[in-house]
Structure formats: structure tokens, C-alpha cells
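Trainee: In this note's numbering, the protein residues as written are 39 to 621. The C-beta atom is built at its ideal place from N, Cα and C for all residues, glycine as well.
Structure (C-alpha cells):
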């Protein structure tokens, strides 16, 4: 008899005979009756073993334990109005077992699956194949698969061609460290794993594949956070004969299609756009969460006459005094403000100023320096609290953005929505004071809005890039740009960054040569799939939408990777391990 998936039982008639296979999720032994919940990939259903119906099957069922793998045959019984399994469509169905086959038993699990997040993550990652049996994680992975399918479906209908690019490539600097792979056939030479298919997808445009995409595996050897993994998947897209608005319009239709098909949500398009400058001014970050209206304010002019040396030094040095204005004064106790101030020390912030007005009385950490004129300029209303940081934008903006997001959550300002936002008009270049040279803001293949300024070396800080990031609920879920198809502009970017010709020709000569063979105008975008899916679900840690993630230190507790290799393998690769004197 053919096996049925549990989710399909709802379409069967009452009394139908079915065959099910899966895992014992839980068991209740009432003496005369035994109940189990059977679980497969599609859901849960209650199975009943009744000694008065088939005693031999009932006897066999007494030995069942959680996570044993079984096959049962039986007859459906519908219980109208009763749902013993909340959130499951099969909650009003039970199957009266007539046959039972034990396919495999199970050892006692290292932890209870139903405990979920209460279990230490190290233990869950070590036994990830068990953790994935939990409904929450399983649903995340199924949701991810559905998103992938709908993305491919849309792009195929739009005439895009899916092309795989190599995993073993040449090492080229793209912002993070490469993972290096030694070559056995070419001693002392190495492949690199791709940080992205950036250069290869540009070459595909030169080759004439005007609409390309792939679900690309990418690798970056960098310090990890909750939203980073050493290997990840991105939806990589590149198009020819387009401009920035063309890509943005296509992406909006793509996202709208996926949300409609998977979540039955109609996206409001066009998506709002904001310039990089305005994002930094209003939110302190280029990936703002716009689900709430709390904006940064500039108080520099209000404090110009203050007789407080610390703030005067900040103003005299050309830096700024910025902060947030909030209404929930009871939240901002002195203890709470001290805790917030302590948290900001991780950003290098030495202290935070607060000013409160309650019952028309001012209290502040700098009250003795506040004149009536300053208080009047601040325009602080009764019941308001102002939190202030002072210093360079590079120092205080990350701290203010963190503070804004934290207070938005804790004061229940965040709406339970999907808030998309385009950030555009990024600077093409930024000055690196450590190396005393210009470097790229996104990557060195981004086209400037004013290439003539770049070629002349005029106002380099003011040159804008044809780059765009898609933000969802405060997370960058996609980013892209129009590329340089003019070889002279591309060379000038390398030279502006003080990269000698012999170096950039060695690293990128194959791309520069391709640009001389009729390269079309082109550009693209890439979605970080784990980050997109986590944002859609509303979870912070991208590990919860990946089947087999690494830890924050980059190792796999389940398999033991990375691991040592044999002396024979090292010999074949002409590699010698140097002994660390500290070992």
C-alpha cells in the first residue's frame, strides 16, 4: 500500500485506510489505550492503538519510544470541532492502527527536542541532524526552499539564464580574506574559494548572456557575527543594457512576486528610496529600520555657548553633538541610563548626557551647565528625555543607531511589518586614514555618477556611486551597482586607490582585457539568502535558517571541521606545517 504524507490526510474520507511512516513524536499510555503523535516532514497526526481492535498491534505499540521510526496502517477517524494538535490542520484527525512495523529504534536523545532554544547551542549544533527534527527549524528550512523556488520561477519567466560559475578561482581582493586551497598539480600555487561571483558574472555579460542569475555559494574568511557565516548562499543577478532604475524596478517585482506567492503579502511598490547621506543623518546607519519614526537630532548649535569644556572641545574640533528625543520618561531612570551608558562603551563612547523634564523640572547629568537659553533652544517638553552623544560622526553614529534600535524595541515603537527601503547615492570612495589613501565604499567595480570628476581627481569625497542596497527591517538583504564597462574608468579607480599598474594587472588583468572586447553597459545585485529569509521570518540569528551552520568561531561541531590532515596529504601538496613556538 502506498505511503501517504500526513498533511494529505485532510483530503481523505472518514474511514479511509491509509499507510503512514515517520517518527514517534510523543506517547501517552492510558493502560487500555495507547496514543502516539506520529511525525513526518509534512506534519503531526494522532495514532490510536486499541487492544479491542487489534490486540497484537496494541501489544507491539507498548514498546514504542520517542524518535523510533515506524510504519503503520489504519483507518481515519474525523472528530468534528475538536483539535488536539493546535496549529496543525490534522488536529481533528486520528488513525486507528491495524498494523505496526518498527523500522528502526533510537537511542535516548542527548536532549529533549521539545526544549528547543533552552538547550545550549553548542549541543544543538553538535547534533544538528536531531535539532532539525524540531518543527520550528524544519519549517524554516522548508520556507527557505519555497523562497528559492519562487525566486527561480520568477527569473525563469523573465528570461534569465541560470549559469554556475567556478568554486575554484583566482585569489582577488574583494574586501574580506579569501579561503585558500592548495593545488597538488601546481606546487606553491593556490586556488581561492569565491567571496562572490562578481568578476565572473561581469565576464558573462561580456560573453553576451544579458540576463544571468545563480544561487551562488560564497566563502569569506572573516570574523563572524549572528548575521555572518564563513560560507553562505546568495542570489546573484547581472543584466546588460540597463540602468540603475531598471534593476530596482525588476527587483521590486521579484520581491513582490515571492511575497505574494509564499506569504500572500502584497508589497507596496515602488519601495521608498533614501540617500546614503539622509540615512546617516536621520538614523546613523546606512541600513535603517524604518518601522518606527524615532530620528536622530543635531544639537550642536544649541550647545555653542555652553560653558562645558568637553562639549566646547567637540564643537571647536568640527565634530557634532547628536542624540535622540523620547517621550517615555519613566523608562529612563538613573539606573537605566547608567546601564545604557555602559553598553555604549563597546562603541568607544566614554559617556552619554541625558536631559529630562518632568513636572517642568529639568534634571540632567550636566544640569549646572544648562542655561535658560540652552534649555529654550533644546525645546524639551514636559515628559521628554533627550539622550546625547558628542564626537565625530564615525564614533557616535554607530552608537546612536544601536541605541535607536534598542529603544525602539524596548519602548514598543517597532511595528510588526515588513519595511523595505532602498538606500542609494553612496559615496564611490572613502578615505582610509590608516593607509592614507582612498579605498572603495562598495567594491572597485562600481560605476561613478560623474566619471569626469574621477578622471580629473576632483572632489573625490563628493563623487557618488551608482550603487544601491535593499534594506528590510534594519538588515541589508541585497546590494548591487552598475559596473564599469569603460576600461579607462576602471583603471582610474585602481590608480586613485594607489594600486600600482603591475599589481592591478596581475590581479584583474583578465577582466580589464575583457572590457576591451565590446563590453556592454551592465549591472546587477546580490541577495544574501540567509539574511533575507531570517528577516522575513523575524529571527536574528541566520544559523536558524541554515541546515548545517558553523559556530561563531567558524568550526562545525557536528563533523569536527576544520581538522588536521594526514602527513601524506601534506606531502602531496608540498606543504609543511611550521611549529608554533607557543604550542
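Output yes or no for whether 8 angstroms exceeds the beta carbon distance between residue 489 and residue 503.
Mentor: Position 451 of the chain shown, counting from 1, holds the residue named residue 489. Position 465 of the chain shown, counting from 1, holds the residue named residue 503. Not closer than 8 angstroms, so no.
Trainee: According to DSSP, simplified to helix, strand and coil, what is residue 418?
Mentor: Along the chain shown, read from residue 1 onward, the residue named residue 418 stands at position 380. If DSSP states are grouped into helix, strand and coil, residue 418 belongs with coil.
Trainee: The alpha helix (DSSP H) that contains residue 548, what's its start and end?
Mentor: As a working note, residue 548 is residue 510 in the chain shown. That run of the alpha helix (DSSP H) goes 539 to 553.
Trainee: Leaving out five residues on either side along the sequence, give the residues of the same chain with a beta carbon under 7 angstroms from the beta carbon of residue 116.
Mentor: Here the question's residue 116 lines up with position 78 in the chain shown. Answer for residue 116: 52, 130 and 131, listed in chain order.
Trainee: Report the CB separation of residue 480 from residue 464 in whole angstroms; it is logged as a contact under 8 angstroms.
Mentor: What you label residue 480 is simply residue 442 of the chain shown in a count that begins at 1. What you label residue 464 is simply residue 426 of the chain shown in a count that begins at 1. Between residue 464 and residue 480 the Cβ distance is about 6 angstroms, and since that is below 8 angstroms, they are a contact.
Trainee: Just grab the DSSP bridge partners of residue 253 for me.
Mentor: If you number the chain shown from 1, residue 253 lands on position 215. Answer is 273, bridged to residue 253.
Trainee: Check whether the Cβ atoms of residue 62 and residue 76 lie closer than 8 angstroms to each other.
Mentor: As a position in the chain shown, residue 62 is number 24, starting the count at 1. As a position in the chain shown, residue 76 is number 38, starting the count at 1. It is a contact, given that the beta carbons lie within the stated cut-off.
Trainee: For residue 489, report the span of its alpha helix (DSSP H) as first-last.
Mentor: On the chain shown, residue 489 is found 451 positions in, with the first residue counted as 1. Residues 489 to 494.
Trainee: Going by C-alpha to C-alpha distance, which of 579, 551 and 571 sits closest to residue 244?
Mentor: One-based indexing of the chain shown puts residue 244 at position 206. Checking every option, the nearest Cα to that of residue 244 belongs to 551.
Trainee: Indicate whether the contact test is met: 3 or more Cβ pairs, each with one atom in the segment 273 to 285 and one in the segment 587 to 604, closer than 8 angstroms.
Mentor: Touching, no, given that fewer than three Cβ pairs across the two stretches are closer than 8 angstroms.
Trainee: Can you list, in chain order, the residues of its chain with a C-beta nearer than 8 angstroms to that of residue 188? Leave out the 5 residues immediately preceding and following it.
Mentor: Working through the chain shown from its first residue, we reach residue 188 at position 150. Closer than 8 angstroms at Cβ, skipping near neighbours: 295, 296, 299 and 300.
Trainee: Is the beta carbon of residue 382 less than 8 angstroms from the beta carbon of residue 428?
Mentor: Against the chain shown, residue 382 aligns to sequence position 344. Against the chain shown, residue 428 aligns to sequence position 390. Not closer than 8 angstroms, so no.
Trainee: By DSSP, does residue 392 sit in helix, in strand, or in coil?
Mentor: Translated into the one-based positions of the chain shown, residue 392 becomes position 354. Note: residue 392 maps to strand in three-state DSSP.
Trainee: What is the residue span of the beta strand (DSSP E) that residue 183 lies within?
Mentor: In the chain shown, residue 183 corresponds to position 145, counting from 1. Note, residue 183: premise wrong, no beta strand (DSSP E); alpha helix (DSSP H) at 173 to 195.
Trainee: With a threshold of 8 angstroms between beta carbons, is residue 118 in contact with chain D?
Mentor: In the displayed structure, chain D is absent; only one protein chain is listed.
Trainee: Looking only at its own chain, which residues have a Cβ that is under 7 angstroms from the Cβ of residue 613, when we skip the five neighbours before and after it?
Mentor: By one-based count along the chain shown, residue 613 stands at place 575. Taken in chain order, the residues that qualify are 220.
Trainee: If you draw a straight line from the alpha carbon of residue 588 to that of residue 410, how long is it in whole angstroms?
Mentor: The sequence position of residue 588 within the chain shown is 550, counting from 1. The sequence position of residue 410 within the chain shown is 372, counting from 1. Approximately 57 angstroms, taken between the alpha carbons.
Trainee: By the three-class DSSP mapping on this structure, what secondary structure does residue 142 have?
Mentor: If you number the chain shown from 1, residue 142 lands on position 104. DSSP places residue 142 in strand when its eight states are reduced to three.
Trainee: State yes or no: is the C-beta of residue 430 within less than 8 angstroms of the C-beta of residue 339?
Mentor: Locating residue 430 in the chain shown gives position 392, where the first residue counts as 1. Locating residue 339 in the chain shown gives position 301, where the first residue counts as 1. No, Cβ-Cβ distance for residue 430 and residue 339 is not below 8 angstroms.
Trainee: Quick check: the Cα distance between residue 145 and residue 102, rounded to an integer number of angstroms?
Mentor: Taking the chain shown and counting its residues from 1, the one referred to as residue 145 is at position 107. Taking the chain shown and counting its residues from 1, the one referred to as residue 102 is at position 64. Those two C-alpha atoms are separated by around 12 angstroms.
Trainee: How many angstroms separate the CA atom of residue 280 from the CA atom of residue 314?
Mentor: The residue labelled residue 280 in the question sits at position 242 within the chain shown. The residue labelled residue 314 in the question sits at position 276 within the chain shown. If I take the Cα positions, the gap works out to 22 angstroms.
Trainee: For residue 309, which residues of its own chain have a beta-carbon under 6 angstroms away from its beta-carbon, when the five flanking residues on both sides are left out?
Mentor: Taking the chain shown and counting its residues from 1, the one referred to as residue 309 is at position 271. These residues qualify, in order along the chain: 290, 458 and 460.
Trainee: What would DSSP say about residue 313, mapped onto helix, strand or coil?
Mentor: Counting from one through the chain shown, the residue named residue 313 turns up at place 275. It is a strand residue.
Trainee: Less than 8 angstroms separating the beta-carbons of residue 615 and residue 181?
Mentor: Position 577 of the chain shown, counted from the start, is the residue given in the question as residue 615. Position 143 of the chain shown, counted from the start, is the residue given in the question as residue 181. In this structure, residue 181 does not lie closer than 8 angstroms to residue 615 by Cβ.
Trainee: Going by CA-CA distance only, name the one from 565, 608 and 578 that's closest to residue 251.
Mentor: Here residue 251 refers to the residue found at position 213 when the chain shown is read from its first residue. Residue 251 has its Cα closest to that of 565, out of 565, 608 and 578.
Trainee: Looking at the ligand GDP, does it come within less than 7 angstroms of residue 473, judged from the CB to the closest heavy atom?
Mentor: The ligand GDP is not part of this structure, which contains no ligands at all.
Trainee: Rounded to the nearest angstrom, what separates residue 467 and residue 324 at their Cα positions?
Mentor: In the chain shown, counting from the first residue as 1, residue 467 sits at position 429. In the chain shown, counting from the first residue as 1, residue 324 sits at position 286. Near 15 angstroms, if we compare the C-alpha coordinates of residue 324 and residue 467.
Trainee: In the DSSP assignment, what residue or residues form a beta bridge with residue 560?
Mentor: Translated into the one-based positions of the chain shown, residue 560 becomes position 522. DSSP, once it has assigned bridges, lists 278 as partnering residue 560.
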